[in-house]
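Enquirer:
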Amino acid sequence: MAIADKIQELQDALFSTDTKAVEALLADVFGNPEFEHSCKITILKAQHLLRRKEYKKAIEEINKALKIAYENGRRADLSAALHVKAIIYFRLKDYPHAFEFAVRACHFDDVPNSEVKMFKNIVQEKYLKERGVTEADLKKKEQDLNSKPSGYDISTIDPPLPKQVQTPVANKKKDPVTTKKNDPVKTEKPAQSQTLRTDWFDSGKTVELSIYVKNISAASVVLTIKKDTLDVKFNDTNGNNYNYTVNKLFDEIDDGKSSFKVYGTKLSILLAKKNNKVWKSLEGSNSRDGVTNTIPKDDIPIPYTSSANKKVEWTRFNFEEDDEDDEEDGTPQAFFEKLYREADSDAQKAMMKSFMESNGTSLSTDWEDVGSRRVDPYVDGEVD
1 MAIADKIQEL
11 QDALFSTDTK
21 AVEALLADVF
31 GNPEFEHSCK
41 ITILKAQHLL
51 RRKEYKKAIE
61 EINKALKIAY
71 ENGRRADLSA
81 ALHVKAIIYF
91 RLKDYPHAFE
101 FAVRACHFDD
111 VPNSEVKMFK
121 NIVQEKYLKE
131 RGVTEADLKK
141 KEQDLNSKPS
151 GYDISTIDPP
161 LPKQVQTPVA
171 NKKKDPVTTK
181 KNDPVKTEKP
191 AQSQTLRTDW
201 FDSGKTVELS
211 IYVKNISAAS
221 VVLTIKKDTL
231 DVKFNDTNGN
241 NYNYTVNKLF
251 DEIDDGKSSF
261 KVYGTKLSIL
271 LAKKNNKVWK
281 SLEGSNSRDG
291 VTNTIPKDDI
301 PIPYTSSANK
311 KVEWTRFNFE
321 EDDEDDEEDG
331 TPQAFFEKLY
341 READSDAQKA
351 MMKSFMESNG
361 TSLSTDWEDV
371 GSRRVDPYVD
381 GEVD
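The opening residue of the sequence shown carries number 1 in full-length UniProt numbering; numbering runs sequentially from there.
(1) Do you know offhand how far L282's Cα is from W200's?
(2) Excluding the 5 residues flanking T42 on each side, which residues of the same chain have their C-beta closer than 7 Å to its C-beta?
(3) Starting from V262, trace the beta strand (DSSP E) both ways and give me its first and last residue.
(4) Using the Cα positions of T361 and V375, report the straight-line distance between them to the nearest angstrom.
(5) Starting from the C-beta of E252, find all residues in its chain whose C-beta is less than 6 Å away, skip the five residues before and the five after it, and write them out in chain order.
(6) Got a sec? Which residues, its chain only, sit under 7 Å from S358 by beta carbon, not counting five neighbours each side?
(7) Should E368 be labelled buried (16 or more other beta-carbon atoms within 10 Å of its own) or exposed?
(8) In three-state DSSP terms, what is D236?
(9) Can we say the segment 115-133 touches the segment 86-104, given the rule of at least three CB pairs closer than 8 Å?
(10) First and last residue of the alpha helix (DSSP H) that includes W367?
(11) Which whole-angstrom value describes the C-beta separation of L196 and Y263, a residue pair presumed to lie in contact below a C-beta threshold of 8 Å?
(12) Would you list the one or two residues that DSSP bridges to A343?
(13) How many Å lie between Y127 and L223 at the Cα?
(14) In the DSSP assignment, what residue or residues form a beta bridge with D199?
(15) Rounding to the nearest angstrom, what Cα-Cα distance links Q348 and P112 in this structure?
(16) Among the residues of its own chain, which have a CB less than 6 Å from the CB of K117, if the five just before and after it don't count?
(17) What does L128 pair with, by DSSP beta-bridge criteria?
(18) Rounding to the nearest angstrom, what Cα-Cα distance links A81 and H37 in this structure?
(19) Taking the straight line between their C-alpha atoms, what separation do you get for K140 and I122?
(20) Measuring CA to CA, which of L249, N240, T198 and S147 is closest to Q192?
(21) Report yes if the CB atom of F101 is closer than 8 Å to the CB atom of Y89, and no otherwise.
(22) Under the three-state reduction of DSSP, which class applies to residue 393: helix, strand or coil?
(23) If you reduce the DSSP assignment to three classes, tell me which class residue 400 lands in.
(24) In this structure, how does DSSP classify D231 when only helix, strand and coil are distinguished?
(25) Would you mind working out which of I87, N72 and Y70 sits nearest A46, comparing C-alpha positions?
(26) Out of L78, D344, E208 and S79, which one is the CA nearest neighbour of F260?
(27) Among the candidates L363, G371, S364 and M352, whose CA atom is the shortest distance from the CA of F119?
(28) Tell me whether T134 sits in a helix, a strand or coil according to DSSP, three-state version.
Given below as structure tokens:
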């Protein structure tokens, strides 16, 4: 298999919910000497370790990728590797070094308004907020970093990791325990069902409904769509059942053009509109929602329409996994932060591209739709 095909297969696998298949593919690729000197595959290995929170190993791999990129002299690979290294230190809450690596990633990034540049702004905002430095301080630091020669090997800079970050140690084998006949037999408790949460937004010709449940079994999804009603049933991989119903949608939809897709953290349902009308809510008048798993009031979806007047401050996004306060504050800002954080890489790219090209007036998570075209600014009262 060509290395480009293997890279694509690996990228797809990293977002799969089939753990056994993913681990088999990763073992095949990462253990293959043929791909040992591939910068892109080494970067993917670092990303995989980052997702597993094996930070020390992730840094070791990303340094290998940087070395390969420097030897090959490829600016795009240097930028990609430094970007991942910045994310690692950002996750570790080491904002000074995250900022340093993000600045260097931008130095080698030749794409205008890219995800790399946007992430640097995110790190900068967090750095300013958490460390009490001034914008003038960071501007000078950025100038100093960019004044270094292009051959400056940043892979040699590895600040000490926080004490709580340890390389996982294999569990020691425990001696077998003999169970007496009269001893009660302990049984594992069945996995509890997850709290079903939803959000939605109007992206012009379609309305996307996201139902947040992790590890959904794609084969179990049964979606029934009629002209203005929706009902979906599915299971997670632990066998828990879920049901979500909207008895009357805001307007009619084209069931033949509507579709759904399962991600690692959610079920995304794309509803194709029949009429060029902006949806003010997901439900129409006199509609009653029927959901088998109760949705907390705080999680009622906040509608986003293409004609929204207030722009989202993307540069203030917080990408930390454990920041529960932002998730629960109920503001539109928190909603978009959470939407971005829980999206896969294609959805994140689509969100950035559509938002930036439309001057903050449109938002889409469908990369197949917006990836190959320019997203024009939305004019109030019209639908593209």
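C-beta atoms are modelled at their ideal positions from N, C-alpha and C, and glycine is treated no differently.
Expert: Put simply:
(1) Counting from one through the sequence shown, the residue named residue 282 turns up at place 282. Counting from one through the sequence shown, the residue named residue 200 turns up at place 200. Using only the alpha carbons, I get a separation of about 7 Å.
(2) Counting from one through the sequence shown, the residue named residue 42 turns up at place 42. Excluding sequence neighbours, T42 sits near E61, K64, A65 and I68.
(3) Numbered from its first residue, the sequence shown carries residue 262 at position 262. Residues I253 to V262.
(4) As a working mapping, residue 361 is identified with position 361 in the sequence shown. As a working mapping, residue 375 is identified with position 375 in the sequence shown. The straight-line gap from Cα to Cα measures roughly 10 Å.
(5) In the sequence shown, counting from the first residue as 1, residue 252 sits at position 252. Closer than 6 Å at Cβ, skipping near neighbours: K227, D228 and K274.
(6) Here residue 358 corresponds to residue number 358 of the sequence shown, with the count starting at 1. Contacts found: V375, D376, P377 and Y378.
(7) As a working note, residue 368 is residue 368 in the sequence shown. Its Cβ having fewer than 16 others within 10 Å, E368 is exposed.
(8) Numbered from 1 along the sequence shown, position 236 holds the residue referred to as residue 236. In this structure, D236 counts as strand in the three-state DSSP scheme.
(9) yes
(10) Along the sequence shown, one-based indexing puts residue 367 at 367. Segment W367 to V370, the alpha helix (DSSP H) holding W367.
(11) For the purposes of this step, residue 196 is taken as residue 196 along the sequence shown, with counting starting at 1. For the purposes of this step, residue 263 is taken as residue 263 along the sequence shown, with counting starting at 1. Not a contact, Cβ separation roughly 15 Å.
(12) Mapped onto the sequence shown, residue 343 falls at position 343. Answer by DSSP bridge pairing: none, since A343 is not bridged.
(13) Here residue 127 corresponds to residue number 127 of the sequence shown, with the count starting at 1. Here residue 223 corresponds to residue number 223 of the sequence shown, with the count starting at 1. Rounded to the nearest angstrom, the two C-alpha atoms are 45 Å apart.
(14) Here residue 199 refers to the residue found at position 199 of the sequence shown. Partner(s): S210.
(15) For the purposes of this step, residue 348 is identified with residue 348 of the sequence shown, where counting begins at 1. For the purposes of this step, residue 112 is identified with residue 112 of the sequence shown, where counting begins at 1. About 17 Å.
(16) Position 117 of the sequence shown holds residue 117. If we look at K117 and ignore the five residues flanking it on each side, its Cβ neighbours are C106.
(17) Position 128 of the sequence shown, counted from the start, is the residue given in the question as residue 128. None; L128 has no bridge partner.
(18) Within the sequence shown, residue 81 is the residue found at index 81, counting from 1. Within the sequence shown, residue 37 is the residue found at index 37, counting from 1. Looking at the two C-alpha atoms, the distance is approximately 14 Å.
(19) In the sequence shown, counting from the first residue as 1, residue 140 sits at position 140. In the sequence shown, counting from the first residue as 1, residue 122 sits at position 122. For K140 and I122, the distance between alpha carbons rounds to 18 Å.
(20) For this step, residue 192 is matched to residue 192 along the sequence shown. Minimum Cα distance to Q192 is reached at N240.
(21) The residue given as residue 101 occupies position 101 in the sequence shown. The residue given as residue 89 occupies position 89 in the sequence shown. Against a cut-off of 8 Å, the Cβ pair of Y89 and F101 comes out as a contact.
(22) Past the boundaries of the shown model lies residue 393; the chain is included only from 1 to 384, so the question cannot be answered.
(23) One cannot answer for residue 400 here, as it falls past the ends of the chain, which runs 1 to 384.
(24) Working through the sequence shown from its first residue, we reach residue 231 at position 231. Strand.
(25) Your numbering for residue 46 matches position 46 in the sequence shown. Restricting attention to I87, N72 and Y70, the CA atom closest to the CA of A46 is found in I87.
(26) The residue labelled residue 260 in the question sits at position 260 within the sequence shown. Checking every option, the nearest Cα to that of F260 belongs to E208.
(27) As a working mapping, residue 119 is identified with position 119 in the sequence shown. Selected option, being the one with the closest Cα: M352.
(28) As a first step, residue 134 must be located in the sequence shown, where it is residue number 134. DSSP places T134 in coil when its eight states are reduced to three.
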